[in-house]
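This report concerns only the one structure given below.
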Ligand SMILES: [Fe+2]
Ligand SMILES: [Fe+2]
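In the numbering used here, the protein residues as written are 11 to 389.
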């Protein structure tokens, strides 16, 4: 008997496994746990059906013969990426081994095969026209899936990390935050246009997640041009990634308000740096930098902004870099109350703040980093 719910569970586990595999190494416990679960589910389905077909029709997935109608951003993204690659149908046959499944998920997550040249034994894929045809699309073509998989997976995993940290959990979530920073750093090393890909990732339903990743990538890119050593870059990236963690304590009605927030709501919102610093103070991040950056990221170069600071010392250099990246990403992104600006418009507005709102030296460096990335992206 066909159990619709378990067939749909295969699809949901598939998307989660791809997201995790885009971020973590294959041996990571999160990846292993998801792959094991997926393997068992596929095994149950192929045990009953012989072959499990997963297809794309219109804007939906179809598992076996059942259309799955409850799309979410992760599934929509997967659907688009698969379709771009002509993978409108994936078939898993009875006899699939954990090794082949792991290899396939890693291929979907990274867009690259492991280089061993091994053929797919129990998996085939192709365009929808090939359903029932004996010949699936040749596998192992050199085309790669968009790397934005990595970023999309990171947004979802970041969500659980931020929630865990805001709830007072340290240790594991901090390590996982570092894993994301490592992925971002790796992405930046391999693909200089990553920042631009990131900044196009505006469709995630949670603004803070994509924003945090964007700010992290911009700050790491800025810092790497300044010659910080690798280890320090990780610490800087983690601080930038967590800069808005205080928003976890701001009511969703304010964060997601469709119109502009009023003065009272703004006052509440302005508490997020101090709230975030308090959260991070209680967590062992192996560094004070996340606390400092979180507290200072809305303090402007001329010390206006919030929270009010009385000392005459300039903000930490990483706070100054984060503040610039933060404003840029906020201007570029679609918000409920206005459309995201074009890069030129955002930069022309920011230019006026050079020397007052923004540290002029870091602003120039930010500009160079951004324009270099843009040239690499060929936009
Ligand atoms: Fe903020
Ligand atoms: Fe922010």
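Note that CB positions come from ideal geometry on N, CA and C, so glycine has one too.
Rounded separation between residue i and residue j - CA only
i, j, result
"residue 182", "residue 130", "35 Å"
"residue 112", "residue 235", "36 Å"
"residue 350", "residue 127", "44 Å"
"residue 13", "residue 97", "25 Å"
"residue 309", "residue 238", "23 Å"
"residue 88", "residue 121", "12 Å"
"residue 46", "residue 52", "10 Å"
"residue 273", "residue 288", "24 Å"
"residue 144", "residue 373", "At residue 144 the pLDDT is 33, less than 50, meaning the model places this residue with poor confidence; the figure from the coordinates comes in the next sentence. Approximately 58 Å between the Cα atoms of the pair."
"residue 381", "residue 231", "12 Å"
"residue 83", "residue 93", "15 Å"
"residue 338", "residue 72", "40 Å"
"residue 222", "residue 105", "42 Å"
"residue 153", "residue 285", "Low confidence applies here, because residue 153 scores a pLDDT of 32, under 50, leaving its location unreliable; read the following figure in that light. Roughly 46 Å between the two C-alpha positions."
"residue 211", "residue 258", "Because residue 211 carries a pLDDT of 49, less than 50, the predicted location of this residue cannot be relied on, and the following value inherits that uncertainty. So the two alpha carbons sit approximately 21 Å from each other."
"residue 359", "residue 313", "19 Å"
"residue 366", "residue 311", "6 Å"
"residue 302", "residue 193", "23 Å"
"residue 340", "residue 327", "20 Å"
"residue 266", "residue 134", "42 Å"
"residue 355", "residue 22", "40 Å"
"residue 379", "residue 179", "35 Å"
"residue 175", "residue 252", "10 Å"
"residue 24", "residue 59", "18 Å"
"residue 149", "residue 362", "The predicted position of residue 149 is uncertain, since its pLDDT is 39 and thus under 50; no value can be drawn from it."
"residue 159", "residue 118", "Note that residue 159 scores 47 on pLDDT, short of 50, meaning its location in the model is unreliable; the coordinates nonetheless yield the value given after this. Rounded to whole angstroms, residue 159 to residue 118 spans 9 Å at the Cα level."
"residue 41", "residue 307", "33 Å"
For residue i, the three-state DSSP class (helix, strand or coil)
i, result
"residue 18", "helix"
"residue 229", "helix"
"residue 77", "strand"
"residue 310", "coil"
"residue 320", "coil"
"residue 366", "coil"
"residue 343", "coil"
"residue 151", "Note that residue 151 scores 31 on pLDDT, short of 50, meaning its location in the model is unreliable and no value can be drawn from it."
"residue 34", "coil"
"residue 238", "coil"
"residue 259", "helix"
"residue 315", "strand"
"residue 70", "strand"
"residue 128", "coil"
"residue 65", "strand"
"residue 247", "helix"
"residue 95", "coil"
"residue 136", "strand"
8 Å contact criterion, which residue i and residue j should meet: CB distance rounded
i, j, result
"residue 347", "residue 268", "7 Å"
"residue 81", "residue 91", "The pair is not a contact, with the Cβ atoms about 14 Å apart (cut-off 8 Å)."
"residue 255", "residue 304", "6 Å"
"residue 167", "residue 30", "7 Å"
"residue 171", "residue 335", "The Cβ separation is near 19 Å, so there is no contact."
"residue 343", "residue 225", "About 11 Å separates the two Cβ atoms, so there is no contact after all."
"residue 395", "residue 248", "In the structure as shown, the chain begins at 11 and stops at 389. Residue 395 is therefore absent and cannot be evaluated."
"residue 27", "residue 48", "5 Å"
"residue 299", "residue 240", "About 15 Å separates the two Cβ atoms, so there is no contact after all."
Proximity test, residue i beta-carbon vs ligand 1 heavy atom, cut-off 6 Å
i, result
"residue 254", "yes"
Any non-hydrogen atom of ligand 2 within 6 Å of residue i CB
i, result
"residue 69", "no"
"residue 298", "no"
"residue 23", "no"
"residue 336", "yes"
Heavy atom of ligand 4 within 6 Å of residue i beta-carbon
i, result
"residue 91", "For ligand 4, the structure offers nothing, since it holds only ligand 1 and ligand 2."
**Within the segment 257-299, ranges of the alpha helix (DSSP H) (whole runs, at least 4 residues)** = With a minimum length of 4 residues, the continuous alpha helix (DSSP H) runs that stay inside the segment 257-299 are 262-265, 273-279, 282-291.
**Message:** Restricting to runs no shorter than 4 residues, where is the alpha helix (DSSP H) found entirely within the segment 166-197?
**Reply:** The qualifying runs do not exist here; there are none.
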